[in-house]
Amino acid sequence: HASTKPPPTPSPLRSAKFFQANMRILVTGGAGFIGSHLVDKLMENEKNEVIVADNYFTGSKDNLKKWIGHPRFELIRHDVTEPLLIEVDQIYHLACPASPIFYKYNPVKTIKTNVIGTLNMLGLAKRVGARILLTSTSEVYGDPLIHPQDESYWGNVNPIGVRSCYDEGKRVAETLMFDYHRQHGIEIRIARIFNTYGPRMNIDDGRVVSNFIAQAIRSEPLTVQAPGTQTRSFCYVSDMVDGLIRLMEGDNTGPINIGNPGEFTMLELAETVKELINPGVEIIMVENTPDDPRQRKPDITKAKELLNWEPKIKLRDGLPLMEDDFRTRLEVPRKN
Ligand code: NAD
Ligand code: UDP
Ligand code: UDP
């Protein structure tokens with residue numbers, strides 16, 4: 024009799040998986056700028072459990088304070104250059120300092136983070152069968168010889184320069200991702216992120232948007248690094264997070280550029296910040312750092328077609344949103 028026969032006993036692992044309604048997501052570098060906004064967005068979905076692994080080099084617990092103690096959230100002090108043994112379904116691998124002054128501070132550590140850190144996260148993805156997304160960078164295009172940059176461009180990168188720990192590090196990280204994909208069948212996603220800005224950026228991390236906004240609020244001169252005609256394209260952080268989640272959830276490995284194609288010279292950016300935040304402030308020209316890319320603008324055709332994604336927030340609308348956060352942290356209220 025079929026009815027008297029006990030149901031087959033599923034293996035403990037399979038039944039755990041079967042009853043596990045939640046998606047367990049690891050965010051490395053989740054205490055940082057982009058990572059903490061990504062965590063906010065992922066936590067909005069009640070089916071998600073989020074684990075952050077971060078060594079707090081450039082990030083801080085403060086960025087995640089609203090989630091500490093939440094039953095679906097866990098924060099681990101962990102350096103990704105060390106192995107990590109946990110069970111997850113998805114990995115957003117962001118851990119890596121993004122600002123030149125921090126990634127140049129200990130370049131050997133930066134390249135270890137990119138290479139050994141990514142290897143460990145791929146080893147983890149392989150062991151548990153998780154999908155893994157790498158936040159690569161527009162810096163893989165180096166000082167680009169084609170403009171705007173699309174994903175088929177192989178780049179113009181100095182392998183022995185002071186930026187190499189970061190840009191060559193990310194290039195190796197991309198190679199590792201594709202080798203694990205081809206050799207072990209790991210599900211990979213690669214985002215090539217272009218300059219991103221928004222609340223929670225480190226105030227003193229030396230990046231151009233955070234520098235100009237902090238300078239304008241403190242009524243200090245805006246420091247344009249020579250020649251000032253170099254260009255960047257700035258993406259507001261909520262658009263970035265939306266693009267990363269679409270990439271993770273979609274069917275394309277990438278690499279896919281995620282960025283805002285609106286292109287500005289650093290002089291134009293300074294003028295805009297001055298106009299919006301402090302019309303009385305001075306703009307001065309200072310010395311630049313070596314290997315500074317002269318122009319950068321994403322071709323986002325692929326993101327539009329494959330992810331149905333494009334940025335919504337224009338620079339002029341995003342800067343004031345960031346100003347509010349910087350004024351609170353710098354304790355300089357608006358005058359009117
Ligand atoms: P961020 O510096 O604010 O965040 C990086 C986080 O990684 C920090 O919380 C830091 O403490 C952590 N971290 C660094 N090394 C680690 C290690 N060895 N182990 C564990 N944690 C470590 O930078 P961000 O702007 O949020 O950038 C996030 C990711 O996006 C990075 O991978 C960066 O390369 C990439 N990216 C950012 C931009 C940008 O404009 N912000 C542009 C291109 C790419
Ligand atoms: N790894 C990890 N967590 C895991 C599985 C692996 O951090 O759950 C690390 C492991 O220590 C190794 C790296 O990921 O250094 C690559 O693992 P893989 O299994 O691919 O290579 P192997 O261990 O065979 O060299
Ligand atoms: N920059 C500037 N003034 C500053 C900081 C940076 O003019 O106070 C310039 C810098 O020379 C570069 C651009 O702004 O051309 C972007 O620099 P950032 O470090 O923000 O990002 P990345 O070089 O990584 O794109």
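So for the sequence shown, the working numbering puts the first residue at 24; every next one is plus one.
Cβ coordinates follow ideal geometry from the N, Cα and C atoms, glycine included.
Check	Outcome
CB of G229 within 8 Å of CB of S83, strictly	no
Contact with chain D by G152, beta-carbon distance below 8 Å	The structure shown has no chain D; it contains just one protein chain.
Proximal residues to H24 (C-beta, below 6 Å), its chain only, five neighbours per side dropped	Note on H24: pLDDT 48, under 50, position unreliable in the model; the coordinate value appears next. Nothing meets the Cβ criterion.
For V304, three-class secondary structure by DSSP	coil
Simplified DSSP state of E286, which is helix, strand or coil	strand
Where the alpha helix (DSSP H) through R433 begins and ends	The question about residue 433 has no answer, for the chain in this structure spans 24 to 359.
A153 Cβ short of 7 Å to ligand 1 heavy atom set	no
Extent of the continuous alpha helix (DSSP H) run through E97	It is not in any alpha helix (DSSP H) - E97 instead sits in the beta strand (DSSP E) that spans F96 to R100.
Contact test: S261 Cβ vs ligand 1 heavy atom, cutoff 7 Å	no
Supposed close pair G140, L87 - CB separation, criterion 8 Å	With a Cβ gap of about 20 Å, G140 and L87 do not count as contacting.
Contact test: N78 Cβ vs ligand 1 heavy atom, cutoff 7 Å	yes
Any non-hydrogen atom of ligand 1 closer than 7 Å to A326 Cβ	no
R150, enclosing alpha helix (DSSP H) - first and last residue	T141 to V151
Near ligand 1: A118 beta-carbon under 7 Å from a heavy atom	yes
Given 8 Å, three or more beta-carbon pairs between the segment 208 to 226 and the segment 292 to 312	no
Beta-bridge pairing of A76 - partner residues as DSSP gives them	T51 and I99
Endpoints, the beta strand (DSSP E) within which Y115 is located	Q113 to H116
Length of the line joining the Cα atoms of T295 and R339	8 Å
Cα-Cα separation between K358 and L330, rounded to whole angstroms	42 Å
Local Cβ density within 10 Å of D274, reported as buried at 16 or more and exposed below that	exposed
Cβ neighbour criterion (16 or more within 10 Å) applied to H116	buried
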